[in-house]
Amino acid sequence: MKNLLIICILTFFTQWAYPSQPVKIIFDTDMGPDYDDVGAITVLHALAANNECEILATCASDRYPTIAPTIEAFNSYFRKPNIPIGVAKENAPDFSNKNHWNDSIVAKFLPAHKTNDDYPSAVDVYRKVLDSQADQSVTIVTVGFLSNLADLLKSGADRYSPLSGMELVKKKVKNLVAMAGKFPQGSEFNLDRDPQASVYTLENWPTTILFSGFEIGNMILTGRKVADNGSANSPVRWAYKYNLDTYEDKKVEKRKSWDQTAVLCAVRNPEKYFYIAGPGKIVIHEKGSNKWDPDKNAQHYFLVHKYPYQRIEDVIDELMMYEPKKK
18 MKNLLIICIL TFFTQWAYPS QPVKIIFDTD MGPDYDDVGA ITVLHALAAN
68 NECEILATCA SDRYPTIAPT IEAFNSYFRK PNIPIGVAKE NAPDFSNKNH
118 WNDSIVAKFL PAHKTNDDYP SAVDVYRKVL DSQADQSVTI VTVGFLSNLA
168 DLLKSGADRY SPLSGMELVK KKVKNLVAMA GKFPQGSEFN LDRDPQASVY
218 TLENWPTTIL FSGFEIGNMI LTGRKVADNG SANSPVRWAY KYNLDTYEDK
268 KVEKRKSWDQ TAVLCAVRNP EKYFYIAGPG KIVIHEKGSN KWDPDKNAQH
318 YFLVHKYPYQ RIEDVIDELM MYEPKKK
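Take 18 as the starting number for the sequence shown in our numbering and just add one per residue.
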């Protein structure tokens with residue numbers, strides 16, 4: 018591992034070197050079965066409220082029937098109801114959890130009865146939003162399956178852009194940050210649930226990719242603070258309080274923070290919190306497991322723990338306490 022840490026490219030780090038303008042973000046999530054996605058979208062809105070980023074779109078990579086309405090419930094709570102929402106329409110996985118927390122969020126916090134059928138496809142949203150942005154200006158952060166990104170790369174010219182998906186990504190996207198993989202090798206949920214999409218995306222993606230692997234968020238435990246002290250009307254508080262009690266077979270004190278770490282490092286300089294290993298290339302096997310190939314000519318990097326876990330937990334917990342200003 019020490020050898021991996023030595024192999025770094027200066028030009029990579031300058032992409033996160035405290036930008037003078039808010040980072041333009043497209044957020045791609047499998048909002049459920051797990052609920053760290055709730056923490057991730059909250060962190061994202063907190064950073065946007067602090068003028069550190071601009072949320073261009075929020076897309077769902079899971080086809081569970083209420084995933085898009087769940088995203089809308091959070092965007093609306095954070096006073097951003099007009100953020101475009103797209104949903105995977107065809108080949109993406111369809112996962113829920115046995116406690117059906119998504120359905121409860123929608124029932125409690127979204128007045129209009131909606132399903133995924135009420136939203137455009139994620140590919141349409143990606144293409145429309147990317148076409149409207151300046152070249153090399155957009156950061157995509159994915160904390161779910163890579164289904165939407167594979168479909169985007171395979172997409173052709175349409176009413177939004179004459180470019181192919183590959184051309185559009187290469188022209189408009191600055192970098193990709195992904196909560197995906199396990200390093201230096203292993204198997205991780207976001208990659209192995211849709212292995213075909215994972216292989217296609219990671220073999221063909223034309224920009225730099227920074228991975229926050231399973232081993233990063235697995236050691237960073239958060240959520241109790243917002244569950245105990247959040248606003249009584251907050252869907253974030255409700256989601257954490259309910260899931261800490263019922264998501265697993267027994268009540269737990271805190272939850273892993275896989276997705277929050279990816280969002281944090283998509284917006285802020287990741288070196289502020291972690292070491293970065295690379296360059297190299299993630300190699301995906303047929304069933305979705307991965308290994309690291311230290312290829313100096315590749316564009317992949319991954320996070321490595323730098324500080325005591327509680328230091329990062331405190332940062333994430335504080336961001337997860339964000340509440341929108343009252344009207």
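No residue lacks a Cβ here, since even glycine has one placed at the ideal position from N, Cα and C.
From a predicted model like this one, the values you see are computed outputs, not experimental measurements.
DSSP state of residue i mapped onto helix, strand, coil
i, result
"residue 296", "strand"
"residue 234", "helix"
"residue 316", "coil"
"residue 151", "coil"
"residue 107", "coil"
"residue 218", "helix"
"residue 62", "helix"
"residue 203", "strand"
"residue 160", "coil"
"residue 182", "helix"
N- and C-terminal bounds of the beta strand (DSSP E) containing residue i
i, result
"residue 130", "No beta strand (DSSP E) contains residue 130, which DSSP labels as neither H nor E."
"residue 309", "307 to 310"
"residue 196", "190 to 196"
"residue 40", "40 to 46"
"residue 100", "First-last for residue 100: undefined, no H or E at that position."
"residue 227", "225 to 229"
"residue 74", "70 to 77"
Per-residue burial, residue i [other beta carbons within 10 Å of its own, 16 or more giving buried]
i, result
"residue 79", "buried"
"residue 179", "exposed"
"residue 50", "buried"
"residue 19", "Unreliable placement is indicated for residue 19, whose pLDDT of 42 sits below 50; the coordinate value is still reported in the next sentence. With fewer than 16 other Cβ atoms within 10 Å, it is exposed."
"residue 23", "Because the pLDDT of residue 23 is 40, which lies under 50, any placement of that residue in the model is unreliable, and the number read from its coordinates should be weighed accordingly. With fewer than 16 other Cβ atoms within 10 Å, it is exposed."
"residue 168", "buried"
"residue 139", "buried"
"residue 132", "exposed"
"residue 52", "buried"
"residue 324", "exposed"
"residue 268", "exposed"
"residue 96", "exposed"
"residue 331", "exposed"
"residue 182", "buried"
"residue 379", "With the chain covering only 18 through 344, there is no way to say anything about residue 379."
"residue 307", "buried"
"residue 247", "buried"
"residue 135", "exposed"
"residue 57", "buried"
"residue 223", "exposed"
"residue 106", "buried"
"residue 205", "buried"
"residue 98", "exposed"
"residue 198", "buried"
"residue 165", "buried"
"residue 128", "exposed"
"residue 314", "exposed"
"residue 244", "buried"
Span of the alpha helix (DSSP H) around residue i
i, result
"residue 338", "First-last for residue 338: undefined, no H or E at that position."
"residue 84", "84 to 94"
"residue 269", "Here residue 269 belongs to no alpha helix (DSSP H), and DSSP marks it neither H nor E."
"residue 169", "164 to 171"
"residue 124", "118 to 126"
"residue 382", "Nothing can be reported for residue 382: it is not among the residues displayed for the chain, which extend from 18 to 344."
"residue 260", "252 to 263"
Presumed contact (8 Å Cβ cut-off) between residue i and residue j, rounded CB distance
i, j, result
"residue 210", "residue 110", "5 Å"
"residue 103", "residue 137", "5 Å"
"residue 317", "residue 226", "5 Å"
"residue 177", "residue 145", "5 Å"
"residue 142", "residue 195", "Going by Cβ atoms, the distance from residue 142 to residue 195 rounds to 18 Å, so no, they are not a contact pair."
"residue 41", "residue 154", "5 Å"
"residue 63", "residue 336", "4 Å"
"residue 200", "residue 112", "Their Cβ separation, rounded to whole angstroms, is 24 Å, which puts residue 200 and residue 112 out of contact at 8 Å."
"residue 45", "residue 54", "Their Cβ separation, rounded to whole angstroms, is 10 Å, which puts residue 45 and residue 54 out of contact at 8 Å."
Residue i Cβ short of 6 Å to the ligand COA heavy atom set
i, result
"residue 115", "The model on display carries no ligand, and the ligand COA is accordingly not part of it."
Cutoff 7 Å: residue i Cβ touching any chain B Cβ
i, result
"residue 111", "The displayed structure is made up of one protein chain only, and chain B is not part of it."
| request: Inspect the CB distances between the segment 217 to 231 and the segment 265 to 283 and report whether three or more fall short of 8 Å. | output: With contact defined as three or more Cβ pairs closer than 8 Å, the segment 217 to 231 and the segment 265 to 283 are in contact.
| query | Counting pairs of Cβ atoms below 8 Å between the segment 149 to 158 and the segment 102 to 122, do you hit three or more? | reply | The segment 149 to 158 makes no contact with the segment 102 to 122: fewer than 3 CB pairs, one atom from each, lie closer than 8 Å.
| task | Count the CB pairs spanning the segment 294 to 314 and the segment 248 to 262 that are closer than 8 Å, and state whether there are at least three. | result | Too few Cβ pairs lie closer than 8 Å, so no.
| query | Is it true that the segment 80 to 99 meets the segment 122 to 142, where meeting means three or more beta-carbon pairs spaced less than 8 Å apart? | reply | Short answer: they touch.
| request: Specify whether the segment 275 to 291 and the segment 157 to 166 touch according to this definition: at least 3 beta carbon pairs, one from each stretch, less than 8 Å apart. | output: The answer is yes - the segment 157 to 166 touches the segment 275 to 291, with three or more Cβ pairs under 8 Å.
| message | Quick test of the definition: if touching needs 3 or more C-beta pairs under 8 Å, does the segment 183 to 192 touch the segment 297 to 309? | response | No, the segment 183 to 192 is not in contact with the segment 297 to 309.
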